[in-house]
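Q:
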Amino acid sequence: MDRGFFIAEIETCSDMMYRVAWSILRNEADVQDALQDAVLKAWEKRDKLREEKYFRTWMTRILINVCYDTQRMHRKIVPLDKIPVQNTSAPDPDLAMALEALPEKLRLPLVLCYSEGMTYEEAADVLRIPMTTLRGRLRRGKKELRKELDAE
Amino acid sequence: MKRDMDNLNLRDAFRPMPEETRDALMSAARSVKEDEPVKKAAFRTVLIAACVIVATMAVAMAAGQIFGWNDFFKKDYGADIPKTAQEIMATCEPVSWQEGDVAFTVRERYSDSRLAMISVEARLADGVKGILAADDFTEAIGAYGENSAAVAKQLGVDPSMTWVEAAKELNLPLYSVRATLEIPSELWGSEAYEDPMFNDDGSLTYFSLQPLNGQISGEEIKARVYLRTKLVNLEDVEDDTNVTKEYVDLPIHTEKAIATAEYIVPEGTKVLDAFQIDSIHAELLPSGLHFTTNLTALEGATQDMALDKLMVKIVKENGDDYPTGITLSSGFSNLDTWPQIPYTQMISVDQIPETIHLVFPDGSGNDTMLVLQLKK
Chain Y
33 MDRGFFIAEI ETCSDMMYRV AWSILRNEAD VQDALQDAVL KAWEKRDKLR EEKYFRTWMT
93 RILINVCYDT QRMHRKIVPL DKIPVQNTSA PDPDLAMALE ALPEKLRLPL VLCYSEGMTY
153 EEAADVLRIP MTTLRGRLRR GKKELRKELD AE
Chain C
51 MKRDMDNLNL RDAFRPMPEE TRDALMSAAR SVKEDEPVKK AAFRTVLIAA CVIVATMAVA
111 MAAGQIFGWN DFFKKDYGAD IPKTAQEIMA TCEPVSWQEG DVAFTVRERY SDSRLAMISV
171 EARLADGVKG ILAADDFTEA IGAYGENSAA VAKQLGVDPS MTWVEAAKEL NLPLYSVRAT
231 LEIPSELWGS EAYEDPMFND DGSLTYFSLQ PLNGQISGEE IKARVYLRTK LVNLEDVEDD
291 TNVTKEYVDL PIHTEKAIAT AEYIVPEGTK VLDAFQIDSI HAELLPSGLH FTTNLTALEG
351 ATQDMALDKL MVKIVKENGD DYPTGITLSS GFSNLDTWPQ IPYTQMISVD QIPETIHLVF
411 PDGSGNDTML VLQLKK
């Protein structure tokens, strides 16, 4: 993979990466850190990408792992400026709140499949879970999202 | 006010990326240098649970053949179900029921102390025309990959079209079906799973597996099958007026273990400096080899540490993975017995290895590796 390809792909994926990182970390400072760390980590591991056409899912997997590392580091002490804020500047604040109310295990599959348009296979590969488990979580996630939206 | 779930745009839940964040991201991307060395990990990247192969294997089928468990497993996980379990499943007598316009036939059933599984063929009854889908009929037909994309091709529609859209376009009724195995909850192990595969004659095979907790062996499980058929109202997919469902009894005999064994663990062996390995048991079943690694959390170890970091991987001598076990899961389903932690996993092999290689990744590339011998 050459540098030019890498930069172009990061630019193409940037909005997707932001949404995925936000759905895990929900804090602008952490999201910014995680995005930068993930990009540098991806470049370090660029020989692990089997084919360039899989860049998006490969990059997403690296980003999610970096986000989890960030979460673990910050679990014990949460400074005031890092407490997750509600995404009230989203085009649909009610939907944003409903999505954020879901447990992450259900939220992330919904984001990958219905916000970022991944297939079941791609999302299962990113999350390192069987496709059947992914489908189960999507089913439960949609049900819970509906409950949250109806409650508003 | 009720929201229309089918027309939700989940992207509206996110604000646009702030310019400052975009600048920071692209600045990081542009900072990389062509001649920077590639970082090699000390061990191969460890995968949690099963390995999903993105480039799926094309499965060639003779006309009229119905997909079974080995096809399902091979397609997604690149491995065969152990021969002994395949042979047992091949001897099953089919059992059939009709729910509405759909005929369901249990083609395969199998159980041992660690899992119970069935495959059910769903087919439109004679004289009934329509499209048969699983329960996610508002999704794209091609969402499952090559297997379901082939259905789109047969129907003459684009795989990005949803089942509902295809039924409208072709002016055909759409049936959604589900056929899952129900096991008494006191026998449950880790998370159950279910999934369909689409046969080339328009029927589908529904696969359902429930991992078990090892408490039953050589006896009969009072299992049931949940059968559900919905004739989808194409103008109002939430309308459940035309749903038929029932539970039918399906007793399943649990196969006994073929052999059991234990591995020699040096006293005081620790992982992550927080967990002691007490013992490792292996149980060879017709469905594969089941391991239980019994650990004790030491002083200072927390449940968060166990949940976040504790992983036990059994690999071959060269570091390669074994074929994944049918339960597709590894770990501990709860921490009710804390500080004792039973960590379970399966691999698809027909023999108990003399030597096993365990890897305990710590998440930073400094993995612990143990080589253990079978206790004679």
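Taken in order, these protein sequences are the chains called Y and C. In the working numbering, each number is its position in the first sequence, counted from 1, plus 32. In the working numbering, each number is its position in the second sequence, counted from 1, plus 50. Where is the CB? At the ideal position from N, CA and C, for every residue including glycine.
Given Leu241 (chain Y), which residues of its chain have a CB within under 7 Å of its CB, disregarding the five upstream and five downstream residues?
A: The structure shown does not extend to residue 241 (chain Y), since chain Y spans only 33 to 184, so no value can be given for it.
Q: When the distance is taken between beta carbons, is Asp182 (chain Y) closer than 9 Å to Arg53 (chain C)?
A: It is a contact, given that the beta carbons lie within the stated cut-off.
Q: Verify whether the separation of the beta carbon atoms of Ser55 (chain Y) and Leu75 (chain C) is less than 9 Å.
A: No; because the gap between Cβ atoms is not below 9 Å, this pair is not in contact.
Q: DSSP state of Thr230 (chain C), grouped into three classes?
A: In this structure, Thr230 (chain C) counts as strand in the three-state DSSP scheme.
Q: Leaving out five residues on either side along the sequence, give the residues of the same chain with a beta carbon under 6 Å from the beta carbon of Thr342 (chain C).
A: Contacts found: His331, Pro392, Thr394.
Q: What did DSSP end up calling Ser235 (chain C) once you bin it into helix, strand or coil?
A: Looking at Ser235 (chain C) - three-state DSSP - the assignment turns out to be helix.
Q: Determine the burial state of Pro336 (chain C): buried for a count of at least 16 other Cβ atoms within 10 Å of its Cβ, exposed for fewer.
A: Label assigned to Pro336 (chain C): buried.
Q: Could you say which of Y:Val52, Y:Lys179, Y:Glu76 lies nearest to Thr92 (chain Y) if we only look at CA atoms?
A: Out of Y:Val52, Y:Lys179, Y:Glu76, Y:Val52 has the C-alpha closest to the C-alpha of Thr92 (chain Y).
Q: Find out if the Cβ-Cβ distance for the pair Ala129 (chain C), Pro373 (chain C) is shorter than 9 Å.
A: Contact flag set, yes.
Q: Since Lys366 (chain C) contacts His407 (chain C) with CB under 8 Å, what's their CB separation in whole angstroms?
A: Contact flag correct, Cβ pair sits at about 7 Å.
Q: Secondary structure at Val102 (chain C), three-state DSSP: helix, strand or coil?
A: Unreliable placement is indicated for Val102 (chain C), whose pLDDT of 30 sits below 50; no coordinate value is reported for it.
Q: Look at the alpha carbon of Arg78 (chain Y) and the alpha carbon of Arg72 (chain C), and state the distance between them as a whole number of angstroms.
A: C-alpha separation (whole angstroms): 22 Å.
Q: So Arg122 (chain Y) contacts chain C; which residues on that side make the cut at Cβ distance below 8 Å?
A: Reading the sequence as shown, one finds Ala at residue 122 (chain Y) and not Arg. In chain order: Asp62, Ala63, Phe64, Arg65.
Q: For Asp417 (chain C), name the three-state secondary structure that DSSP assigns.
A: Asp417 (chain C) falls in the coil class under three-state DSSP.
Q: Between which two residues does the alpha helix (DSSP H) harbouring Trp147 (chain C) extend?
A: Not the alpha helix (DSSP H): Trp147 (chain C) falls in the beta strand (DSSP E), residues 145–149.
Q: In chain order, what residues of the same chain lie with their CB nearer than 7 Å to the CB of Phe117 (chain C), ignoring the 5 residues before and after it?
A: Hits under 7 Å: Met247, Asn249, Thr255.
Q: Where do the N-terminal and C-terminal ends of the alpha helix (DSSP H) with Leu281 (chain C) fall, by residue?
A: Element bounds for Leu281 (chain C): not the alpha helix (DSSP H) but the beta strand (DSSP E), 274–281.
Q: Using a Cβ cut-off of 9 Å (strictly closer), state whether Pro68 (chain C) contacts chain Y.
A: Yes, contact with chain Y.
Q: Out of C:Arg65, C:Tyr225, C:Ala202, C:Ala200, state which residue places its alpha-carbon closest to the alpha-carbon of Asn181 (chain C).
A: It should be pointed out that residue 181 (chain C) corresponds to Ile in this sequence rather than to Asn. Comparing Cα positions, the closest option is C:Tyr225.
Q: If you measure between the beta carbons of Glu333 (chain C) and Ser161 (chain C), is that distance less than 9 Å?
A: It is not a contact, given that the beta carbons lie outside the stated cut-off.
Q: So Gly150 (chain C) packs on Thr279 (chain C), CB below 8 Å; how close in whole Å?
A: Correct: roughly 4 Å between the Cβ atoms.
Q: Interface residues of chain C around Phe38 (chain Y) at Cβ under 9 Å?
A: Simply Ala79, Val82.
Q: What is the rounded straight-line gap between the Cα of Ala128 (chain Y) and the Cα of Val71 (chain Y)?
A: Approximately 26 Å, taken between the alpha carbons.
Q: Can you tell me where the alpha helix (DSSP H) with Ala78 (chain C) in it begins and where it stops?
A: Element bounds for Ala78 (chain C): 69–80.
Q: Taking 9 Å as the CB-CB limit, is Leu57 (chain Y) close to chain C?
A: Not an interface residue.
Q: So what does DSSP say about Lys218 (chain C), is it helix, strand or coil?
A: Lys218 (chain C) falls in the helix class under three-state DSSP.
Q: Determine the extent of the alpha helix (DSSP H) in which Asn263 (chain C) is found, giving its start and end residues.
A: Here Asn263 (chain C) belongs to no alpha helix (DSSP H), and DSSP marks it neither H nor E.
Q: Can you have a look at Arg82 (chain Y) and say buried or exposed, based on whether 16 or more other CB atoms are within 10 angstroms of its CB?
A: Answer is exposed; the Cβ neighbour count stays below 16.
Q: In the DSSP assignment, what are the bridge partners of Phe257 (chain C)?
A: For Phe257 (chain C), which the question treats as bridged, DSSP gives the partners C:Ser169, C:Asp245.
Q: So which of C:Ala311, C:Leu339, C:Ala175 has the shortest CA-CA distance to Ser253 (chain C)?
A: Cα-wise, what sits closest to Ser253 (chain C) is C:Ala175.
Q: With respect to the alpha helix (DSSP H) encompassing Phe122 (chain C), which residues constitute its N-terminal and C-terminal limits?
A: Its alpha helix (DSSP H) spans residues 119–127.
Q: Assuming contact is defined by CB atoms lying nearer than 9 Å, are Leu18 (chain C) and Leu231 (chain C) in contact in what I supplied?
A: Residue 18 (chain C) is absent from the model: chain C starts at 51 and stops at 426.
Q: Quick check on Phe410 (chain C): does DSSP put it in helix, strand or coil?
A: Three-state result, Phe410 (chain C): strand.
Q: Kindly list the residues whose CB is nearer than 8 Å to the CB of Gln265 (chain C), restricted to its own chain and excluding five residues on each side of it in sequence; keep chain order.
A: Taken in chain order, the residues that qualify are Ser163, Glu236, Leu237.
Q: Taking only the alpha-carbon atoms, compute the straight-line gap between Glu270 (chain C) and Ile138 (chain C) and give it to the nearest angstrom.
A: Distance between the alpha carbons of Glu270 (chain C) and Ile138 (chain C) is about 15 Å.
Q: Would Leu385 (chain C) and Leu357 (chain C) be called neighbours here (beta carbons separated by less than 9 Å)?
A: Cβ distance < 9 Å, so Leu385 (chain C) and Leu357 (chain C) count as in contact.
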